[in-house]
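Below is one structure, written out as structure tokens; the observations come after it.
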Amino acid sequence: MIDLEPDKISDKVERIMKEHGWLISRKRAEVLARSGEDHLERRLKIPEILSGAVQGSRITYIEGRVDRVLGKFHVGEGRNKIFRRSMILADGDESITFTLWGNSADIVDCIPVRRGDTVGIRNLSLDRIGKEYELQSTGDTSITKLAEGGSVVTDFSTLGYVERDIDIGGRLVVVENAERLGAGFSEARSMIISDGKREARLLVWRSLGRAFEDIPIGSRIIAESISVRKGNHDIEMNAGSSSRLLVLDNIQEKSKDL
Numbered sequence: 001m002i003d004l005e006p007d008k009i010s011d012k013v014e015r016i017m018k019e020h021g022w023l024i025s026r027k028r029a030e031v032l033a034r035s036g037e038d039h040l041e042r043r044l045k046i047p048e049i050l051s052g053a054v055q056g057s058r059i060t061y062i063e064g065r066v067d068r069v070l071g072k073f074h075v076g077e078g079r080n081k082i083f084r085r086s087m088i089l090a091d092g093d094e095s096i097t098f099t100l101w102g103n104s105a106d107i108v109d110c111i112p113v114r115r116g117d118t119v120g121i122r123n124l125s126l127d128r129i130g131k132e133y134e135l136q137s138t139g140d141t142s143i144t145k146l147a148e149g150g151s152v153v154t155d156f157s158t159l160g161y162v163e164r165d166i167d168i169g170g171r172l173v174v175v176e177n178a179e180r181l182g183a184g185f186s187e188a189r190s191m192i193i194s195d196g197k198r199e200a201r202l203l204v205w206r207s208l209g210r211a212f213e214d215i216p217i218g219s220r221i222i223a224e225s226i227s228v229r230k231g232n233h234d235i236e237m238n239a240g241s242s243s244r245l246l247v248l249d250n251i252q253e254k255s256k257d258l
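Residues 1 to 258 in our numbering are what the sequence shown spells out, letter by letter.
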């Protein structure tokens with residue numbers, strides 16, 4: 001316990017409350033101030049964060065279910081180019097976007113994080129983007145996978161005739177040459193994947209297809225958020241704008257996105 005003057009205690013209480021987005025009581029903040037601690041180690045729920053949102057607040061720890069992992073993009077050019085990647089975190093009926101910047105953008109691939117997983121995230125900030133609040137990574141952000149989540153279909157015989165927004169797992173059999181398809185003549189590439197018994201054709205678009213030119217045949221892959229049409233003799237799969245492909249290469253897992 002630290003013996004501080006009342007004015008210094010009051011200043012420290014205000015700082016701690018602001019740092020945590022005013023999501024803790026003044027009494028609890030005073031206990032932290034007197035103990036010499038600066039951070040509150042507890043799980044914050046997304047509804048709490050949104051209801052007490054304050055621009056620039058630092059969040060020490062949050063848990064949530066990954067609703068979706070979005071693509072990796074870059075902003076700026078040349079020396080000013082920086083990569084960013086976002087994921088949607090859900091907690092009950094509430095959700096919030098969490099964006100990782102720079103080297104942190106690769107964390108979700110190294111773990112890897114998939115939709116449906118439950119994760120714990122430390123050291124992030126809360127910022128207002130337009131009318132919405134978003135969580136942003138900081139220089140010391142870390143992510144821990146707490147539980148595996150979403151299911152992956154690895155037996156194609158269980159697929160319905162029409163499926164949407166599902167995850168498929170299989171082995172890469174063939175990667176075909178790119179071609180121009182659709183009204184806008186967008187670049188597309190077909191891949192043949194197998195569940196060990198049946199094969200399916202997966203159509204991937206633009207940069208997602210180009211990224212798989214040098215993926216070894218026989219690699220295990222997971223295709224997230226795809227649509228399926230199954231006929232009597234063939235299975236057609238289509239990767240959309242929110243799709244993501246994970247390449248499972250022994251222990252290390254690599255990912256590609258649109």
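A virtual CB, placed ideally from N, CA and C, is assigned to each residue, including glycine.
What you are looking at is a predicted structure, and each value in this text was computed from that prediction instead of being measured.
Can you tell me whether Ile217 is buried or exposed? The criterion is at least 16 other CB atoms within 10 Å of its CB, across all chains shown.
Start at 1 with the first residue of the sequence shown, and residue 217 comes out as number 217. It is exposed - the Cβ of Ile217 has fewer than 16 other Cβ atoms within 10 Å.
Exposed or buried, which one is Thr158 when buried takes at least 16 other CB atoms within 10 Å?
-> Position 158 of the sequence shown holds residue 158. Classification of Thr158: exposed, given that the 10 Å Cβ count is below 16.
Can you tell me which of Gly76, Ala90, Asp91 puts its alpha carbon nearest to the alpha carbon of Arg84? Here residue 84 corresponds to residue number 84 of the sequence shown, with the count starting at 1. When only C-alpha atoms are compared, the closest one is Gly76.
**Prompt:** Which partner residues does Ser190 have in the DSSP bridge list?
**Reply:** The residue labelled residue 190 in the question sits at position 190 within the sequence shown. Ser190 pairs with Leu203.
Go ahead and label Val66 buried or exposed: buried means 16 or more other beta carbons lie within 10 angstroms of its beta carbon, across all protein chains shown.
Residue 66 sits at position 66 when you count from the first residue of the sequence shown. Buried is the call here.
Tell me the residue span of the beta strand (DSSP E) that contains Asp167. Walking along the sequence shown from the start, residue 167 turns up at place 167. Its beta strand (DSSP E) spans residues 162-175.
>> Buried or exposed for Ser241, going by 16 or more other Cβ atoms inside 10 Å?
In response: Counting from 1 along the sequence shown, the entry for residue 241 is found at position 241. Ser241 is exposed by the Cβ-count criterion.
*In terms of residues, what are the limits of the alpha helix (DSSP H) holding Val153?*
In the sequence shown, counting from the first residue as 1, residue 153 sits at position 153. That residue, Val153, is in no alpha helix (DSSP H); it is neither H nor E in DSSP.
Spatial neighbours of Lys81 within its chain, please: CB distance less than 6 Å, with the 5 preceding and 5 following residues excluded, ordered by chain position.
Taking the first residue of the sequence shown as 1, we reach residue 81 at position 81. His74.
Using the Cα positions of Arg114 and Ser10, report the straight-line distance between them to the nearest angstrom.
Position 114 of the sequence shown, counted from the start, is the residue given in the question as residue 114. Position 10 of the sequence shown, counted from the start, is the residue given in the question as residue 10. If you take the alpha carbons of Arg114 and Ser10, they lie about 43 Å apart.
* For Glu41, I'd like the list of residues in its chain whose CB is within less than 7 Å of its CB, leaving aside the five on either flank, ordered along the chain. => Reading the sequence shown from its first residue, position 41 is the one you call residue 41. At Glu41, the pLDDT of 47 sits below 50, so the modelled position is not reliable; the number obtained from the coordinates is stated separately. Correct list, in chain order: Thr60, Tyr61.
- prompt: Tell me which same chain residues have a C-beta within less than 8 Å of the C-beta of Val152, skipping the five on either side of it?
  reply: As a first step, residue 152 must be located in the sequence shown, where it is residue number 152. Asp167, Ile168, Gly169, Ile222, listed in sequence order.
Length of the line joining the Cα atoms of Asp257 and Lys12:
Numbered from its first residue, the sequence shown carries residue 257 at position 257. Numbered from its first residue, the sequence shown carries residue 12 at position 12. Low confidence applies to Asp257: its pLDDT is 47, below 50, so where it sits in the model is not reliable enough to give any reading.
### Query
For the putative contact between Thr144 and Asn123, defined by C-beta atoms under 8 Å, what is the C-beta separation to the nearest angstrom?
On the sequence shown, residue 144 is found 144 positions in, with the first residue counted as 1. On the sequence shown, residue 123 is found 123 positions in, with the first residue counted as 1. In fact, because the Cβ distance is near 12 Å, the residues do not count as touching under 8 Å.
**Report entry** Cross-strand partners of Arg122 (DSSP beta bridge)
**Finding:** Position 122 of the sequence shown holds residue 122. Answer is Tyr61, Ser142, bridged to Arg122.
Quiz prompt | CA-to-CA distance, Arg201 to Arg229, given in whole angstroms | solution = Within the sequence shown, residue 229 is the residue found at index 229, counting from 1. Within the sequence shown, residue 201 is the residue found at index 201, counting from 1. If I take the Cα positions, the gap works out to 10 Å.
Given this structure, state the Cα-to-Cα distance separating Leu246 from Gly116, to the nearest angstrom.
As a first step, residue 246 must be located in the sequence shown, where it is residue number 246. As a first step, residue 116 must be located in the sequence shown, where it is residue number 116. Rounded to whole angstroms, Leu246 to Gly116 spans 15 Å at the Cα level.
Problem - Lys8 versus Arg58: straight-line alpha-carbon distance, rounded - result: Your numbering for residue 8 matches position 8 in the sequence shown. Your numbering for residue 58 matches position 58 in the sequence shown. Those two C-alpha atoms are separated by around 21 Å.
Kindly indicate which three-state DSSP category Glu132 falls into: helix, strand or coil?
Within the sequence shown, numbered from 1, the residue matching residue 132 stands at position 132. DSSP places Glu132 in strand when its eight states are reduced to three.
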